[in-house]
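According to the working numbering, the sequence shown is numbered sequentially starting from 17.
Even for Gly, the Cβ is constructed at its ideal location relative to N, Cα and C.
First comes the structure, then the notes that go with it.
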Amino acid sequence: MTAGPAAAAAIVLAFALTGCVGGTTPTAAPTATPTASPTATPTASAPPAIALVPGGTAQQNLPYFDQVNRATLAAKPDAQGRDFIDALVAAGFSKADMQVTVDTTTIGLKANSIQFSVKLGDTCLIGQNGADAGGYSSMVTPVLSTGACLIGQTRPIDW
């Protein structure tokens, strides 16, 4: 019968130890938390600058043509043919390849719209501005069979 009191003592000891351990809250062992290593994040880059493409096609140069003409209108909303031609020359287009319509009608009134062009190879950049045109617009067209870009009467660019 000696096993009985020893077994009882073992059970009491087990409960006592469980009580000691059970009364404490286990603490989590520190673990390494993965952190993101610094990486290059893509940033919004500025769009490439619009520039004249020397020897390029009219289609390639249309964005630059438009930029120059819109800047001309922003600086001078009532811009006339000479204003557009001068701005295009200053921007690098060849004056020898340009045409422009007259700024006034045959009776001396302001033209409702004017057209101006730059011939680039076998294509043309054509700009138009005025009330009848709904403001500024542009397009790329093939050179006419005459070798010119504009139909009708143009004026000499002799300045």
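Under 6 Å Cβ to Cβ from residue i, same chain only, skipping five residues before and after it: list those, please.
i      : result
Gly143 : Asn85, Phe132 and Ser154
Asn128 : Gly146, Ala147 and Asp148
Leu166 : Gln115, Gln131 and Ser133
Looking at the strands, I want to know which residues DSSP matches up with residue i.
i      : result
Val84  : DSSP, once it has assigned bridges, lists no residue as partnering Val84.
Ser129 : Gly146
Gln115 : Ser133
Ser153 : Gln144
Thr139 : Leu136 and Pro158
Thr120 : Lys126
So residue i packs on residue j, CB below 8 Å; how close in whole Å?
i      : j      : result
Tyr216 : Leu89  : Only positions 17 to 175 of the chain appear in this structure, which leaves residue 216 out of reach.
Leu141 : Val134 : 5 Å
Tell me which residues share the same chain as residue i and place their Cβ nearer than 8 Å to its Cβ, disregarding the 5 neighbours each side in the sequence.
i      : result
Thr139 : Thr73, Ala74, Gln75, Val156, Thr157, Pro158 and Val159
Leu68  : Asn77, Tyr80, Ala107, Gly108 and Phe109
Ala87  : Ala103
Gly6   : It is not possible to answer for residue 6, since the shown part of the chain is limited to 17 through 175.
Ile66  : Pro79, Tyr80 and Gln83
Asp99  : Thr88 and Lys92
Gly168 : Thr117
Below 7 Å CB to CB, which residues in the same chain sit around residue i once its five sequence neighbours on both sides are set aside?
i      : result
Ala121 : In the sequence under discussion, the amino acid at residue 121 is Thr, which differs from the Ala named in the question. Taken in chain order, the residues that qualify are Ala127.
Ala164 : Gln115
Thr40  : For Thr40, the pLDDT reaches just 49, beneath the cut-off of 50, and the residue's location in the model is therefore unreliable, although a value from the coordinates is still provided. No residues qualify anywhere along the chain.
Using CA coordinates, which residue listed in the options is at the minimum distance from residue i?
i      : options                           : result
Asp94  : Pro172, Cys165, Gly168 and Ile130 : Ile130
Gly71  : Gln96, Pro64 and Phe109           : Phe109
Asp174 : Asp113, Ile167, Pro64 and Pro63   : Asp113
Lys111 : Ile167, Leu136, Pro64 and Gln169  : Leu136
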